[in-house]
Ligand code: F6P
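Numbering (full-length UniProt numbering), first residue to last: 11 to 495.
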């Protein structure tokens, strides 16, 4: 078969994201190993791309320095983008994850503003745009993802007026009062408005974006349509804004629960934990947006006041390592591990944990076994674009057992109304919700789970991608002639 370099400009659909779906890792013998990248974006888009012919994915391979040559994997072509150590510090850890991330998640920690970081964000966005533009077929589609690449839609439009450009934001878009704090905020808005269609998770995110465009740029907004004045002689363009709640490959996850090996693994997990009556599970990237501290505080108090007996009930907390060089993530890890140590020191029976804490990632099969073993799953995010863990749990329970406790601040709360919805800031409410879930009779669990499954199985990630791409095709009016790249 021909190598990917032989056919540039032939891809009908090009995905651009900060990360490729796989991260490269260098093994002790110098060989390269590829592992699935962390995060909801990859969980969702990976399964979409497997169903698309001749798709391409442009992104960073997760390690500093020279980018690997383009290569084919899982039926798509991967185009690695180079990030040097300084880009990683300023564009990725700095502007993306110490400025935009906390600002867009309602300033749970204070965003840092540094002018040097913005310069790197700009140059890194240029590099992604330059890598993506030549890969698309004439009249093709380029789909840009997430907050790390908000300048890319406009940069691509400047090079390729023939392609359709979509942008989807996987994280929240903040209220204009918060967004206005951002230095260079208007450049961000203009970057996004290079797209024909800008998509968000929740209706409130779409409305926040429209308000920012109206208030800060003064553009005319009619419903969900923005009129963007042309520069110089260029004509007025229309940009559509729309809400598309992302999802998972629901039937694939559900089907895994039939696998005898995974079923046995779920049973084994329960035995390993000393056959407790109830297993409670939290599974998150180790991120301050996920409300892990609030969850542990509630759990610790329930043990302190004797409402939970650690001989009967065990909690597993999976905290996948994330952004480990960013200061607020280091602090969070220290606090979480101190709290887990204290709880176990005070409450764990000899030879088994009260809190089983896992600071590493688990593959899809192992996660399914964990979801099948969990009687209650706690999703207590303080702010979250969607939260796919909530949907994965529901998809893993065709047996209709189990209870989902879900923060109203996660995007998933708009759809998963039959969950036990909580305000995680209210520790007393959280404690009451946990006790109620642990005591919920099987018939009540089944009724709620049936309703949750109806939502998740009908609205899977294929449906989501189809809706986005269909609306993108219907929007804008790309020129027929391919511009020189
Ligand atoms: O899905 C949301 C997301 O923020 C992605 O944009 C991001 O790639 C992922 O989670 C994980 O974070 P990171 O890439 O910084 O490890």
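Ideal Cβ positions, reconstructed from N, Cα and C, are used throughout, including at glycine.
Everything numeric in this text was worked out from a predicted model, so none of it was measured.
| Item | Value |
| --- | --- |
| In terms of residue numbering, what span does the alpha helix (DSSP H) encompassing residue 295 cover? | It is not in any alpha helix (DSSP H) - residue 295 instead sits in the beta strand (DSSP E) that spans 288–295. |
| In chain order, which continuous runs of the alpha helix (DSSP H) of length 4 or greater are located wholly inside the stretch 309–339? | none |
| Whether or not the stretch 302–315 and the stretch 430–444 are in contact is what I'm after, with contact meaning three or more pairs of Cβ atoms, one per stretch, closer than 8 Å; do they touch? | yes |
| Check whether the Cβ atoms of residue 326 and residue 380 lie closer than 8 Å to each other. | yes |
| Given a threshold of 16 other Cβ atoms within 10 Å of its Cβ, counted over all protein chains shown, does residue 359 qualify as buried or as exposed? | exposed |
| Would DSSP call residue 30 helix, strand or coil? | coil |
| Quick one: is residue 348 buried, meaning 16 or more other Cβ sit within 10 Å of its Cβ, or exposed? | exposed |
| Does the structure place the stretch 149–162 close enough to the stretch 125–137 that three or more beta carbon pairs sit under 8 Å? | yes |
| Residue 437 lies in the beta strand (DSSP E); which residues open and close that run? | Per DSSP, residue 437 belongs to no beta strand (DSSP E); it is in the alpha helix (DSSP H), 437–448. |
| Any heavy atom of the ligand F6P closer than 7 Å to the Cβ of residue 180? | yes |
| My output table needs one value for residue 14: the three-state DSSP class, helix, strand or coil. | In this predicted model, residue 14 has a pLDDT of only 46, less than 50, meaning its place in the structure is not dependable; the value taken from the coordinates is given anyway. Correct three-state label for residue 14: helix. |
| In terms of residues, what are the limits of the beta strand (DSSP E) holding residue 430? | 430–432 |
| Pull up the CB-CB distance for residue 32 and residue 47, whole angstroms please, since I reckon it's below 8 Å. | 6 Å |
| Thinking just about the alpha-carbon of each residue, which of 23, 34 and 42 is nearest to the one in residue 55? | 23 |
| So residue 420 packs on residue 466, CB below 8 Å; how close in whole Å? | That belief does not hold up - the Cβ atoms of residue 420 and residue 466 are roughly 14 Å apart, past 8 Å. |
| DSSP three-state label for residue 2, please. | Outside the shown range of the chain, which is 11 to 495, sits residue 2, and nothing can be said about it. |
| Closest to residue 456 by CA distance: which of 290, 255, 428 and 282 is it? | 428 |
| Whole angstroms is fine: what's the gap from residue 128's alpha carbon to residue 95's? | 16 Å |
| Does the distance from the C-beta atom of residue 151 to that of residue 174 stay below 8 Å? | yes |
| Under 8 Å, with one C-beta from each stretch per pair, do the stretch 64–75 and the stretch 33–42 reach the 3-pair mark? | yes |
| Can you look up residue 82 in the DSSP assignment and give me helix, strand or coil? | strand |
| Enumerate in chain order the residues of its own chain whose CB-to-CB distance from residue 178 is below 6 Å, with the five nearest sequence positions on each side excluded. | 155 and 209 |
| Which stretch, first to last residue, makes up the alpha helix (DSSP H) that contains residue 126? | 125–142 |
| Could you tell me the alpha carbon to alpha carbon distance between residue 339 and residue 296, rounded to whole angstroms? | 7 Å |
| Using the Cα positions of residue 13 and residue 90, report the straight-line distance between them to the nearest angstrom. | Residue placement at residue 13 is flagged as unreliable, the pLDDT there being 48, under the threshold of 50; the coordinate-derived value follows with that caveat. One C-alpha to the other measures close to 15 Å. |
| Which residues mark the beginning and the end of the beta strand (DSSP E) in which residue 69 is found? | 65–70 |
| Please confirm whether any heavy atom of the ligand F6P lies closer than 7 Å to the CB of residue 51. | yes |
| Short check: CB of residue 253 to CB of residue 213, under 8 Å? | yes |
| Can you tell which of 264, 235, 242 and 424 has its C-alpha closest to the C-alpha of residue 395? | 424 |
| With a threshold of 16 other CB atoms inside 10 Å of the CB of residue 248, please say whether the residue is buried or exposed. | exposed |
| Between which residues of its own chain and residue 143 is the CB-CB distance below 6 Å, once the five residues before and five after are set aside? | 166, 169, 170 and 495 |
| Can you find at least 3 beta carbon pairs, one from the stretch 263–274 and one from the stretch 405–419, that sit closer than 8 Å? | yes |
| What is the DSSP secondary structure of residue 414, counted as helix, strand or coil? | strand |
| Would you say residue 116 and residue 188 are within 8 Å of each other, going by their C-beta atoms? | yes |
| Assign residue 198 to one of two classes, buried (16 or more other C-beta atoms within 10 Å of its C-beta) or exposed (fewer than that). | buried |
| Using only the alpha-carbon positions, how far apart do residue 106 and residue 454 sit? | 43 Å |
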